[in-house]
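Okay, so here's the structure we're looking at.
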Amino acid sequence: MKNVRRIGFFVFLLGILLFTANIFLGSYKITPDLVRAHFDTSPESLDAGDTIANVFNDATVVYSAQNSAPFSDLISFNAALPKIIEIHNGLIRDLVYDVAAISEFDLASIYSFSLENEAITYSEDIIRNALGAQESKIKMLVDNTNWMYTDSKSYASVDEFKGVLNDKVAELNQDIGGAYRLYDDGESLLALNKVFITSPANSNTLLWLFLTFGLAVIGSIAYNLANIKLLGPAGIKNDGIYRDAISSRGWIAWVVMFYLVTFYVFLYFYPQYLVNNIILVNPVSQLLSGNPAGQWFLYGFMYCVAMTVMAVRMWVKYRHNAYQVVRTTVVLFFQIAFAFIIPELLVRFNMPYYDFKNAWPLDYDYFFDWNIENLMASGNVGIFMLFWGIILTALIVPIMVYFFGKRWYCSWVCGCGGLAETLGDPYRQLSNKKMWAWKLERWLIHGVLVFAILMTALTLYSFFTGATSMLGVQTYTIQKTYGFLIGSIFSGVIGTGFYPIFGNRTWCRFGCPLAAYMGLVQRFKSRFRITTNGGQCISCGNCSTYCEQGIDVRAYAQKGQNIIRSSCVGCGVCSAVCPRGVLKLENGPEQGRFGNEGPIVLGNNGFELNP
Amino acid sequence: MEKIVIIGNGIAGITAARHIRKNSNNEIVVISAETEYFFSRTALMYVFMGHMRFEDIKPYEDWFWEKNRIDLIFNRVEKIIPESKMLVCTDGLEINYTKLILALGAKSNKFGWPGQDLKGVQGLYSYQDLTDLEERAKTAKHAVIVGGGLIGVELAEMLLSRGIKVTFLVREDRFWGNILPKEEGSLISRHIKKHHVDLRFNEELSEIIDDGAGHVKAIRTKKGELIECQIVGLTAGVSPNVDFLKNSALEINRGIKVNAFLETNLPGVYAIGDCAEFDQSINGRRPIEQVWYTGRIMGETVAQTICGNRMAYNPGPWFNSAKFFDIEYQTYGWVMANLQPGEIDFYWEHEKGEIAMHVVWDKESNVFKGINVFGIRMRHELFNNWLIKQATVDDVMAGLNHANFDPEFFKHHEQNIIAAFNSKTGKNIVLQPKSWWRTILNQKA
């Protein structure tokens, strides 16, 4: 059995190594045929696609002439690609500029008409008169400068008028050729990477899917199953947790953290570098939604795989504890079915991608205009989804928290919680138990909740009024800021990437606005509590140590008080690790839920002294 | 304002300090030679096994003491001078007091075995024991544990977690034979063996053999067998840590003699916890009680007295708990190793042999006396009420499902237990309907 575990470990490691190596495999080559096939989607007709393809080919030639170094591997290709795009966009501009741009001559003509009568006049007629038959230019100016017409706007001086118009024209000229331009954001770059790469992942996708995900899964499952025998009879097996480098912030923990954080940074901000691994999961994506995989599909797939493998570990580790077994199974089910498969299938049937269990404000962009518009444009299904989302947050969430505590969501349903409870379980002891951490927690998590509410209020204000800002605050800027700081950095990079350093619930404890909302309900209006069993506590500290939310459970238990804390996600591990049977998660009448409310418990007679 | 000095920062001393602070504005000084800050003695094993760091078994953060105006002094008291109400430490530091609480704790029993002071021979009680064991575990391959009780099994679990083989010598014919009835003893014995402990009954230590460098090399049993080992764990109980007081004015027997109010023969001097010995039996209990819970209750009680509410030690129904490797144990009331006159019992064991329940009651009055449970958690508050109210065994058995404290989704065994109980006793107990246990509690309270 020891050998099974050892082999399992090395097979797992090999899978991870191949997964990592796979990133860098393959070579890139930009050929005219590939370019044409990609951009010219309707070869039979002469359209924008032909122009883009031709210009892109030219741009590549220009770039190659300027740079003798080859750009056929991942790094050099992705260094070259943005530059080629820049050249492409320059060429496009040059190509159409002469025809489409408002020239100095055009401007002079407009000014001569405008200032004809000693006064400033600017109107559609003026434009038409000045530009004659140049319909495209006329349209551009009418569409973009009608707010400058003098029938509704006046200018203090000729210079002011000229200044405004000159600036606007310069801006419009900059944008000329927009339809032919290429963009260099992560997703666009990823799409081009897919076109020009030739790699093992590309030519032998299934084999490489097996060599990476396959080996990692087989290896880790073998490792975990071997533990059934190796760890001895079922029970709490936490031996050595504070001596292993992986679980006590040793060097392995730092390596894992570095790997995870790097992966997250690339996934969120530079997905083009993960092109090979995204290609790997193409067959799965095709199977589910019928579309090729993108970076988020890769993420969802990895998420499910990691949770499944680590759920096996949980089933083995807690096979004596039915609460843990059932909970792990349910949270895994919700991730795979609700967060992964169902949304992809919805897309296959031309319905909006939707995770039915993802509740606002965790799902912070739920009320963003594009989402609302998308749902409203999707017929009855979309309307149902829109109402479901509102009912989920407004009714289902608080009612369920009232009856069962927020655990029903955080450790039974939620994806973030699900990953924390499986992949993150080995790190649960690393949460900070100090008083200052609790103070920081309350400021941060409620701060994020307020941020989410204000951002959504602004979003809805913009949606209903059409205004792009309120009191000088741009809606779009706030949405972007929230998405970057909270949506990406906090919940992803720090929340998961720092598992091995800060513990597995950093996001859930310090950042999740939905957790904050449910926490308020749990603290003030709920039937949930962790009951302390009379005077049986021996203050050993296992409960506090293994509380992933950093609750000092012992502080309550040793006083005979029940534990009612807004942050408790009801994972049940405090109860599991307690050697004296002191803690029990339960739902009961609100009356008396705090238990012995006095500050002391005097052994058996505590009830006398503290009636 | 008085100056209360407490010697000893274990659970008894610290509980006293906290409660005096809660109830008074007195100056409080806690002196300890063991550690700077209070820690949970019962959790030392988890530090050794790597479940926790030492800082995790300190129930309060270090700022707690200053914030609560409890002065901690890390020093060893050498002498008490009651005439001048003064303590003298080994480094000459003098500390005066108006009231003194002795919470000195205990030390592992040594019964005069040859070689008992060799390096590698130790108990498991103090922080020093932990650091000693850490040091020895680095090289040790085999250990012998002497004394089949709670601490012995914990020590065995600790050593096994570091890959050290364990031979466990038990004087009786079963594990913890002076406390556990035969059935439970055999259940736990089986479980200990399942964890690959070489568990031997009716075996006693004869001598501990020196390797020539002052370190243990082997032990010899009374039957003459030689067992090589590098660690000898002495876990045959503990005795009050009172040696330095032997020639003082304090009245001392095995422990410091106290009355029911935890007062010693010297005015203003109290003794609590493991070091105290009652001059009378309290509620039929032993004169020296050395468990966590009693230390805590004594600390709470003496704090009341010191703050002007003179209170006798009245701990109520007995309770205790333990964990033997993977099997949790709880007990409420009294289940003696052997049935007492007039008592009758019922024992149920799950077919897999790791879950069990032992109930004892008075044959004549049917009054419930006590319960041992293994692998099932029970509600303390409910049993406490039953014991105080002298509920009948019928009431207790019918309420078993309300007393169950296992986590949700756990398999319940009450139906099987009741069926076995009915068939053994000829009674016809029916489990109370599954309603919320608190409503039961409120109705009966």
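Protein chains in written order, with our numbering: chain A, 1 to 611; chain B, 1 to 445. From the three backbone atoms N, C-alpha and C, an ideal C-beta is built for every residue, glycine too.
Residue-level contact by beta carbon fails for W334/B and chain A, as no gap is shorter than 9 Å. Excluding five sequence positions before and after R36/A, the CB atoms of its chain that fall closer than 6 Å to its own CB belong to A53, given in chain order. Taking a 10 Å sphere around the C-beta of A130/A, we find 16 or more other C-beta atoms and assign the residue as buried. Contact check for I288/B against G255/B passes: the beta carbons are separated by less than 9 Å. L130/B sits in a helix when the DSSP states are folded into three classes. In the DSSP assignment, K257/B is bridged to E277/B. Taking the C-beta atoms as reference points, F74/B is found no nearer than 9 Å to I57/B.
Residue state for T150/A is assigned as coil, using DSSP reduced to three classes.
Between S281/B and the set L266/B, M298/B, P267/B, A260/B, the nearest pair of CA atoms involves A260/B.
The region 348 to 402 of chain B is shown to contain whole beta strand (DSSP E) runs of 3 or more residues at 356 to 362, 368 to 374, in chain order. Residue state for V5/B is assigned as strand, using DSSP reduced to three classes. Close CB contacts of G541/A within its chain, under the 8 Å cut and outside five residues either way in sequence, are with R554 (chain order). Within chain B, the residues P407, E408 have their CB atoms less than 9 Å from the CB of L585/A, given in chain order.
The C-alpha of A12/B lies about 5 Å from the C-alpha of R296/B. DSSP places F324/B in the strand class (E or B) of the three-state scheme.
The shortest CA-to-CA distance from F346/B to any of R190/B, K427/B, V146/B is the one to K427/B. Rounded to the nearest angstrom, the gap between the Cα atoms of L245/B and I145/B is 30 Å.
Nearest CB-CB separation between D363/A and chain B: not below the 9 Å threshold.
The Cβ of C512/A sits no closer than 9 Å to any Cβ of chain B.
The DSSP-derived three-state label of E154/B is helix. Contact annotation, T475/A with L454/A: C-beta distance approximately 11 Å; criterion of less than 8 Å not satisfied. When rounded, the separation of the alpha-carbon atoms in I246/A and L226/B is 41 Å.
Annotated three-state conformation of L205/B is strand, per DSSP. Under the rule that a run must span 4 or more residues, the alpha helix (DSSP H) segments found entirely inside the region 35 to 100 of chain A read 48 to 66, 74 to 100. The DSSP assignment places 319 to 324, 327 to 333 as complete runs of the beta strand (DSSP E) inside the region 284 to 345 of chain B, in order along the chain (cut-off: 3 residues).
For the region 48 to 67 of chain B, the set of positions with a beta-carbon nearer than 7 Å to some beta-carbon of chain A reads M49, G50, H51, M52, R53, D56, I57, P59, E61 in chain order. Between the C-alpha atoms of L423/A and M257/A there is a straight-line separation of about 13 Å. Residues of chain A whose Cβ lies closer than 7 Å to the Cβ of E381/B are, in chain order, G534. Counting other Cβ atoms within 10 Å of its Cβ, P407/B reaches 16 or more and is therefore classed as buried. By the Cβ-count criterion, K369/B is buried, with 16 or more other Cβ atoms from all chains shown falling within 10 Å of its own Cβ. Distance from the Cα of E172/B is smallest, within the candidate group I272/B, D71/B, A236/B, W65/B, for A236/B.
At a cut-off of 9 Å between beta-carbon atoms, I241/A makes contact with chain B. Secondary structure at M518/A: helix, using DSSP grouped into helix, strand and coil. According to the DSSP assignment, T145/A belongs to the alpha helix (DSSP H) that extends over 135 to 145. Put simply, of Q295/A, Y155/A, Y323/A, V381/A the residue whose alpha carbon is nearest the alpha carbon of F349/A is V381/A.
Scanning the region 488 to 541 of chain A from its first residue to its last, the whole alpha helix (DSSP H) runs of 4-plus residues come out as 499 to 502, 506 to 510, 513 to 524.
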